[in-house]
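Taking it in order: structure first as structure tokens, then the write-up.
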Amino acid sequence: MMGTTPGSSLSRLSWKWRKRSSVKIAERMRKERKHYTAEEKVAILRRHLLDKVPVSDLCEELGLQPTVFYRWQKEFFENGAAAFQTTERPRRQAEEKQKRIEFLEKKVQTKDEVLAELMAEHIALKKSLGEL
0 MMGTTPGSSL
10 SRLSWKWRKR
20 SSVKIAERMR
30 KERKHYTAEE
40 KVAILRRHLL
50 DKVPVSDLCE
60 ELGLQPTVFY
70 RWQKEFFENG
80 AAAFQTTERP
90 RRQAEEKQKR
100 IEFLEKKVQT
110 KDEVLAELMA
120 EHIALKKSLG
130 EL
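This is the structure:
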């Protein structure tokens, strides 16, 4: 079998290839990751969608993986409806929550008053029966 012995050129070639690839991986791992703000992500997506800059060019220019770009695009379209919601709805929801909290607090206070009254009656009854 030619090329399978330890001294063959094939095994030396694969060793050199492995050594080179591990160096590239180490270089890639040393790079600091860039964290983009939401505004920067939107600007990048806008360049692709409106200015028609190819994804490959954007990714090469910014050092992005295409999968990262497409994940941003997916999130952008999934959350796009939030841009069209009015501020009235959250304010109204907050008011409704506040009313619900007030209602529940009153309900707890009423229960506490009834419980205190029942306990007072219970103690008075025990005293009258001579158990206390």
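Note that numbering that gives the first Met the number 0 numbers the sequence shown so that position 109 is 108, with each residue one more than the last. Note that CB positions come from ideal geometry on N, CA and C, so glycine has one too.
Query: Residue 51 - DSSP class collapsed to helix/strand/coil; Result: coil
Query: Classification of residue 122 by the beta-carbon crowding that lies within 10 angstroms, buried from 16 upward; Result: exposed
Query: DSSP-derived helix/strand/coil call for residue 34; Result: coil
Query: First and last residue of the uninterrupted alpha helix (DSSP H) at residue 130; Result: Run containing residue 130: none; DSSP gives neither H nor E here.
Query: Residue 33 beta carbon near the ligand FMN (any heavy atom closer than 7 Å); Result: Within the structure as shown, the ligand FMN is missing, as the structure has no ligands at all.
Query: Any 3 or more C-beta pairs closer than 8 Å across the region 76-92 and the region 45-58; Result: no
Query: Beta-carbon spacing of residue 75, residue 49 below 8 Å; Result: no
Query: Environment of residue 68 [buried if 16+ CB atoms lie within 10 Å]; Result: buried
Query: Identity of the residue in 109, 107 and 65 nearest residue 47 by Cα; Result: 65
Query: Pairwise C-alpha distance: residue 79 and residue 105; Result: 40 Å
Query: Continuous alpha helix (DSSP H) stretch holding residue 72: start and end; Result: 65-77
Query: Own chain, CB closer than 8 Å to residue 131, minus 5 neighbours either side, in chain order; Result: 122 and 125
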